[in-house]
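Taking it in order: structure first as structure tokens, then the write-up.
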Amino acid sequence: MIVALIIACEVGFWVLLALGLAVRYLLKWRRTSVVLLLCEPLLELVLFVATAVDLKNGAEPGWEHGLAALYIGYTVAYGHYTIRWLDGHAAHRLAGAPRPPGPPRYGMARARHEGGLWLRTLLGAAVACALLQGAVWYVGDGDTSSLRSFQWVALRAAGIHGLVALAYLIWPKQPKGEPASSDRLVRSEEKARR
607 MIVALIIACE VGFWVLLALG LAVRYLLKWR RTSVVLLLCE PLLELVLFVA TAVDLKNGAE
667 PGWEHGLAAL YIGYTVAYGH YTIRWLDGHA AHRLAGAPRP PGPPRYGMAR ARHEGGLWLR
727 TLLGAAVACA LLQGAVWYVG DGDTSSLRSF QWVALRAAGI HGLVALAYLI WPKQPKGEPA
787 SSDRLVRSEE KARR
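Per the numbering used here, the sequence shown starts with residue 607, numbered consecutively.
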């Protein structure tokens with residue numbers, strides 16, 4: 607039941623998002639679109655309540671409960687970001703707004719962008735771990751190993767994403783054909799000596 611509900615929430619997220627943006631830009635009903643977009647968090651609330659009820663009714667904690675917590679954590683961290691990104695593209699395609707700027711591609715600006723995304727992943731992992739810990743306490747003496755394993759999944763995902771973001775900070779991406787900043791510094795010092 608929980609897996610079907612996770613799928614329904616994911617489908618519902620995209621359906622509400624598409625309806626909200628279509629109503630906003632095609633029908634020009636801004637208030638209605640805001641109401642539709644504000645219904646998005648209700649999906650996560652329904653999933654949370656259904657998971658808690660499932661555990662309360664004696665269901666053995668399993669991977670589906672862990673997956674529900676990860677899904678809620680991801681949606682809390684990236685839901686607004688995704689909606690804002692798609693809203694910018696819908697405004698461009700449907701309402702003639704200027705094309706939204708993409709993320710920075712090079713240098714420290716890219717490193718800052720990747721760091722911001724990592725902070726979102728960290729927030730999602732924290733929410734998932736908190737929900738899973740609440741489920742562990744809620745279940746009490748039962749077998750909670752699957753819930754604990756999903757806590758480690760969330761922490762590993764945040765750790766791996768953190769390493770990727772750190773790599774962008776240590777080795778900033780440069781445009782093709784342009785030397786790295788340390789190479790430019792060495793060349794400018796050589797020119798100054800001449």
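Ideal placement from N, C-alpha and C gives every residue a C-beta, glycine not left out.
Handout entry: Coarse secondary structure for T750, derived from DSSP in three states
Key = In the sequence shown, counting from the first residue as 1, residue 750 sits at position 144. In the structure shown, T750 sits in coil (DSSP, three-state: anything other than H, G, I, E or B).
Exercise for the section: Return the Cβ separation of D693 and L627 in integer angstroms, given the expectation that the two are a contact with Cβ distance under 8 Å. Expected result: As a working mapping, residue 693 is identified with position 87 in the sequence shown. As a working mapping, residue 627 is identified with position 21 in the sequence shown. The Cβ separation is near 6 Å, so the contact holds.
Exercise for the section: Please say whether E670 and I608 have beta carbons closer to each other than 7 Å? Expected result: Position 2 of the sequence shown, counting from 1, holds the residue named residue 608. Position 64 of the sequence shown, counting from 1, holds the residue named residue 670. Their beta carbons are under 7 Å apart, which means I608 touches E670 by this criterion.
Exercise for the section: Compute the Euclidean distance between the alpha carbons of F654 and P647, then round it to the nearest angstrom. Expected result: Residue numbering aside, residue 654 sits at position 48 when the sequence shown is read from its first letter. Residue numbering aside, residue 647 sits at position 41 when the sequence shown is read from its first letter. In a straight line, the C-alpha of F654 is about 11 Å away from that of P647.
Handout entry: Coarse secondary structure for M714, derived from DSSP in three states
Key = Your numbering for residue 714 matches position 108 in the sequence shown. Note: M714 maps to helix in three-state DSSP.
Handout entry: Length of the line joining the Cα atoms of L769 and K634
Key = Here residue 769 corresponds to residue number 163 of the sequence shown, with the count starting at 1. Here residue 634 corresponds to residue number 28 of the sequence shown, with the count starting at 1. Approximately 43 Å between the Cα atoms of the pair.
Exercise for the section: Using beta-carbon positions only, say whether R683 and G618 come within less than 7 Å of one another. Expected result: Here residue 683 is taken as the residue at index 77 of the sequence shown, counted from 1. Here residue 618 is taken as the residue at index 12 of the sequence shown, counted from 1. The identity of residue 683 in the sequence shown is Ala, whereas the question assumes Arg. It is not a contact, given that the beta carbons lie outside the stated cut-off.
Handout entry: Cβ neighbours of Q757 in the same chain (closer than 6 Å, five flanking residues each side left out)
Key = For this step, residue 757 is matched to residue 151 along the sequence shown. Hits under 6 Å: C735, L738.
Problem - Alpha-carbon spacing of V760 relative to E616, whole angstroms - result: Position 154 of the sequence shown, counted from the start, is the residue given in the question as residue 760. Position 10 of the sequence shown, counted from the start, is the residue given in the question as residue 616. According to the sequence shown, residue 760 is Ala rather than Val. Taking the straight line joining both Cα atoms gives about 19 Å.
Handout entry: Beta carbon of S752 nearer than 7 Å to that of P667
Key = Walking along the sequence shown from the start, residue 752 turns up at place 146. Walking along the sequence shown from the start, residue 667 turns up at place 61. In this structure, P667 lies closer than 7 Å to S752 by Cβ.
Handout entry: Contacting residues, own chain, Cβ-Cβ under 6 Å from A771 (five flanking each side not counted)
Key = The count along the sequence shown starts at 1 and reaches residue 771 at position 165. Correct list, in chain order: E720, G721, W724.
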